[in-house]
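Asker: Residue numbers (the numbering used here): 3 to 301.
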């Protein structure tokens, strides 16, 4: 009986997946379920709280700070994702060419991604310093500005500064992932296109882009998820300031739950992020179901 169990492929596969499933249940499913439940309660730090239904969500929907955080999060995610895709694709195409020392450059490109987020944020904090910014110093030496830029003290400057830091960290992930996709495209396709007189731009439009689309969909889905839920970079750089201009849903959720002591409100804010994350996942999932995406056609 036991030997039959181990000789069965389905049973053996279930056995191998069981430890991972248990870990996901303990460290992912349970915290997620607990967070959703807390969102429907008025739990405070040090107190058990009571079920209040949708009161937290109703209050947060009309809260001006929550609305600002939602705007910041969407603006931050959309803008950063667009720049990461454009620059990441350009870098992937560049690294896919026969360059000297290309293995070295591919390794160097990964550095922003593997450096701890808090360390990267501290480096950008120094770069953006109102008095000692090396960026402002260099621009003044070149005669482009006549005074130091207040990168993190002005609301819109702070928004764009945090986006720039996020783009710098996220480009390697997009570039290396797309580079892996480019490696799967047969060179014979480009050779045939060149013989037929296709220009490099036409080769990119009709060969590279269609065949790379499934990879782009998956990579950008993960990029959007990482960006939408960003916490460390914003918290170290600005703590949500100035004037809450860089507060994201994740940082505001933490502020309400831990320093503010309102676990229920903080959990409700985190729960409100789930529909946006599901929308990004569904967009990628249904897109990949289209055979036209996978085959580069219009089916």
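Using N, Cα and C, we set each Cβ at its ideal position, and we do this for glycine too.
1) Tell me which same chain residues have a C-beta within less than 8 Å of the C-beta of residue 223, skipping the five on either side of it?
2) Exposed or buried, residue 232, counting other C-beta atoms within 10 Å across all chains shown (16 or more means buried)?
3) Excluding the 5 residues preceding and the 5 following residue 207 in the sequence, name in chain order all residues of the same chain whose CB lies nearer than 7 Å to its CB.
4) Are residue 71 and residue 254 touching if we call contact CB-CB under 8 Å?
5) At a threshold of 7 Å, does residue 95 count as lining the ligand FMN (C-beta to nearest heavy atom)?
6) On the CB-based measure, 16 or more other CB atoms within 10 Å of its CB, does residue 149 come out buried or exposed?
7) Please state whether the Cβ-Cβ distance between residue 240 and residue 154 is less than 8 Å.
8) What does DSSP give as the partner residue(s) for residue 53 in the beta ladder?
9) Quick one: using the 10 Å Cβ neighbour count with 16 as the cut-off for buried, is residue 300 buried or exposed?
10) Would you list, in sequence order, the uninterrupted alpha helix (DSSP H) runs of no fewer than 4 residues that lie entirely inside the stretch 201-283?
11) Please list the terminal residues of the continuous alpha helix (DSSP H) segment that includes residue 191.
12) What separation, rounded to the nearest whole angstrom, lies between the Cα atoms of residue 79 and residue 11?
13) Using a Cβ-Cβ cutoff of less than 6 Å, which residues in the same chain neighbour residue 147 once the five nearest sequence positions on both sides are dropped?
14) Assuming residue 244 and residue 157 are in contact, meaning their beta carbons sit under 8 Å apart, how far apart are those beta carbons, in whole angstroms?
15) Kindly indicate which three-state DSSP category residue 297 falls into: helix, strand or coil?
16) Determine the extent of the alpha helix (DSSP H) in which residue 136 is found, giving its start and end residues.
17) Quick one: using the 10 Å Cβ neighbour count with 16 as the cut-off for buried, is residue 169 buried or exposed?
18) Measuring CB atoms only, is the stretch 11-22 touching the stretch 30-47, in the sense that at least three cross pairs come out at less than 8 Å?
19) Thinking just about the alpha-carbon of each residue, which of 103, 106, 145, 163 is nearest to the one in residue 132?
20) Go through its chain and collect everything with a Cβ distance to residue 220's Cβ below 7 Å, but skip five positions before and after it.
21) Which residue marks the beginning of the alpha helix (DSSP H) containing residue 185, and which one marks its end?
22) Could you have a look at residue 117 and say whether DSSP puts it in helix, strand or coil?
Answerer: Taking the definition as stated:
1) Same-chain partners within the cutoff: 282, 283, 285, 286.
2) buried
3) none
4) yes
5) With respect to the ligand FMN, the structure offers nothing, as it holds no ligand at all.
6) exposed
7) Result yes, Cβ atoms of residue 240 and residue 154 sit closer than 8 Å.
8) 43
9) Because residue 300 sits at a pLDDT of 49, beneath the cut-off of 50, its placement in the model cannot be relied upon, and the following sentence gives the value as read from the coordinates. Result: exposed.
10) As far as the stretch 201-283 is concerned, its whole alpha helix (DSSP H) runs of at least 4 residues are 202-205, 211-230, 234-239, 251-259, 265-274.
11) 189-197
12) 43 Å
13) 141
14) 6 Å
15) The predicted position of residue 297 is uncertain, since its pLDDT is 49 and thus under 50; no value can be drawn from it.
16) 136-143
17) buried
18) no
19) 163
20) 286
21) 157-185
22) coil
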